[in-house]
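Residue numbers (this note's numbering): 16 to 190.
Quick reminder that beta carbons are idealized off the backbone N, C-alpha and C, glycines included.
As structure tokens, the structure follows; a few thoughts come after it.
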């Protein structure tokens with residue numbers, strides 16, 4: 016059963032934030048590939064730089080009258096959760112102090128399925144040239160058309176509904 020959205024729509028499609036595209040080249044083996052700290056309460060500045068102040072939650076009356084979050088920030092949250100879960104499981108010790116959400120057994124499968132649907136919905140159709148390597152494709156070394164991610168973060172941060180930084184939501188308190 017599909018859930019009915021409470022967001023206004025144009026032709027039954029949720030609104031999109033008008034952000035320009037830029038040419039960008041993927042960079043292999045970046046610092047995002049490093050293992051997370053074994054203590055779950057240690058911020059990771061490189062990963063935290065992906066999330067605007069407010070965790071991506073914003074309100075813009077020209078798009079919707081409800082607090083919302085761009086899909087990309089929900090996707091990045093899920094990627095972060097899966098990354099932490101992967102490294103926690105690959106080590107004999109679970110990540111101490113890391114909050115996987117209200118219910119890890121539901122949150123992690125949700126993230127796998129949510130990312131699957133997001134990838135197939137966005138379906139980047141960039142043609143990746145084959146290379147003479149073991150796996151045949153590297154996914155880098157050529158320009159792509161991408162959303163200007165920094166402009167998106169700025170747009171959302173300017174319209175944020177609360178303050179909190181990074182994936183660990185530093186500065187956010189429930190009242």
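At a Cβ-Cβ threshold of 8 Å, residue 50 and residue 95 do not count as neighbours. Approximately 6 Å separates the beta-carbon atoms of residue 85 and residue 32; this is inside 8 Å, confirming the contact. Annotated as proximal: residue 175 and residue 73, with beta-carbon spacing under 8 Å.
Ranked by Cα distance from residue 54, the options 171, 100, 138 are led by 100. Closest in C-alpha terms to residue 146, from the list 140, 155, 139, 138, comes 155. With a minimum length of 3 residues, there is no unbroken run of beta strand (DSSP E) contained wholly in the region 66-96. With fewer than 16 other beta carbons inside 10 angstroms of its own, residue 47 counts as exposed. Annotation: residue 185 is outside any alpha helix (DSSP H) and is labelled neither H nor E by DSSP.
Bridge pairing for residue 161: 37 [DSSP]. Taking the C-beta atoms as reference points, residue 93 is found nearer than 8 Å to residue 130.
With distances taken between CA atoms, residue 97 lies nearest to 128 out of 78, 38, 70, 128. Rounded to whole angstroms, the separation of the alpha carbons of residue 43 and residue 187 is 33 Å.
Secondary-structure assignment with DSSP links residue 103 through no beta bridge to anything. Under the DSSP definition of a beta bridge, residue 175 partners with 73.
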